[in-house]
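**Student:** In the working numbering, the protein residues as written are 74 to 255. No residue lacks a Cβ here, since even glycine has one placed at the ideal position from N, Cα and C. This one's a predicted model, so the numbers in the text were calculated from it and none came from an experiment. Handing you a structure now.
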Amino acid sequence: MKKKIGIIIGVLISLLALTVTSIAIYLFAASDTIELTMIPAPDIQEQLDIFIDAGLCWKAYVNEDETAAVIHLTKRQRERWIEWITDSMNRDLEEVNRLDNIEYLVSEDGKVLTLRANKNMSFNSAGTYLFFLLFDMEIYQVLMGEETWSIHFVLEDMNTGEVLYTADYPEEKIRVEEEMWD
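Quick look at the structure:
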């Protein structure tokens with residue numbers, strides 16, 4: 074009887090080891106690792122944990138020098154995240170574009186962000202959505218395979234169509250100030 078129990082336990086342990094090995098092989102063979110540069114925030118790990126809980130990745134953490142979030146995801150999670158981030162950008166665009174004196178436009182490839190506005194806009198609202206959209210666009214580009222992401226920002230006077238300011242983010246800082254209309 075003890076011999077049968079030992080054999081059963083041995084078989085179960087072997088099956089467990091085989092299962093764990095299969096999962097590990099699947100995760101390493103069918104998964105990617107991406108790094109997202111980030112603005113340091115005290116609660117960034119909480120946000121990364123939300124990504125894990127939402128099933129958008131299977132592991133996420135801040136790198137050692139705290140300059141990037143390292144995210145491990147399967148091919149399917151990558152596809153799901155692209156859908157999620159596209160929906161997020163569209164929701165943000167719908168919300169901000171309901172405001173007076175502000176209109177954000179994102180290019181099809183996610184590389185150009187245009188703010189059409191006038192100096193009567195809510196700078197606070199414009200800045201909040203700018204932050205959200207830049208973050209979403211960065212993730213989108215990285216998920217689409219860009220090794221070095223970049224966003225060309227354009228500030229346009231919505232009344233005249235004149236381009237008031239451009240910047241290539243993150244190489245250049247983005248500024249939106251009331252004096253730009255003078």
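My assumption, with CB atoms under 8 Å, is that Asp165 sits in contact with Phe205. Please give the rounded CB distance.
**Tutor:** Confirmed, about 5 Å.
**Student:** For the alpha helix (DSSP H) containing Asp126, name the first residue and the last one.
**Tutor:** Looking at the DSSP string, the run of the alpha helix (DSSP H) that includes Asp126 is Ile117 to Asp126.
**Student:** What are the start and end residues of the beta strand (DSSP E) that includes Leu216?
**Tutor:** Premise fails: Leu216 lies in the alpha helix (DSSP H), Phe196 to Leu216, not in any beta strand (DSSP E).
**Student:** Leaving out the 5 sequence neighbours to the left and right, which residues in its chain are closer than 6 Å to Glu235 when beta-carbon positions are compared?
**Tutor:** Nothing meets the Cβ criterion.
**Student:** Kindly give me the distance between the Cβ atoms of Ser223 and Asp241, rounded to whole angstroms, as I take these residues to be in contact under 8 Å.
**Tutor:** Contact holds; Cβ gap of about 6 Å.
**Student:** Would you kindly work out how many angstroms separate the C-alpha atoms of Arg189 and Gly183, rounded to a whole number?
**Tutor:** Using only the alpha carbons, I get a separation of about 17 Å.
**Student:** My output table needs one value for Glu252: the three-state DSSP class, helix, strand or coil.
**Tutor:** Reduced to three states, the DSSP call for Glu252 is helix.
**Student:** In angstroms, rounded to a whole number, what distance separates the CA positions of Leu129 and Tyr238?
**Tutor:** Their backbone Cα atoms lie some 35 Å apart in a straight line.
**Student:** Looking at the structure shown, is Thr159 part of a helix, part of a strand, or coil, going by DSSP?
**Tutor:** Of the three classes helix, strand and coil, the one that applies to Thr159 here is helix, per DSSP.
**Student:** Can you find the residues in the same chain that come closer than 8 Å, C-beta to C-beta, to Ala133, ignoring five residues on each side of it along the sequence?
**Tutor:** Excluding positions up to five away in sequence, the list reads Leu121, Asp122, Phe124, Ile125, Ala142, Val143, Ile144 and His145.
**Student:** Assign Ala127 to one of two classes, buried (16 or more other C-beta atoms within 10 Å of its C-beta) or exposed (fewer than that).
**Tutor:** With fewer than 16 Cβ atoms within 10 Å of its Cβ, Ala127 is classed as exposed.
**Student:** Can you find the residues in the same chain that come closer than 7 Å, C-beta to C-beta, to Tyr202, ignoring five residues on each side of it along the sequence?
**Tutor:** Result list for Tyr202: Asp165, Val169 and Tyr177, in chain order.
**Student:** Taking Arg171 as part of the beta strand (DSSP E), name the residues at either end of that continuous run.
**Tutor:** Neither: Arg171 is in no beta strand (DSSP E) and is coded neither H nor E.
**Student:** Tell me where the beta strand (DSSP E) around Ile247 begins and ends.
**Tutor:** Premise fails: Ile247 is in no beta strand (DSSP E) and is neither H nor E.
**Student:** Within 10 Å of its beta-carbon, does Arg258 have 16 or more other beta-carbons around it, so buried, or fewer, so exposed?
**Tutor:** The chain is shown from 74 up to 255; residue 258 falls before or after that span and cannot be answered.
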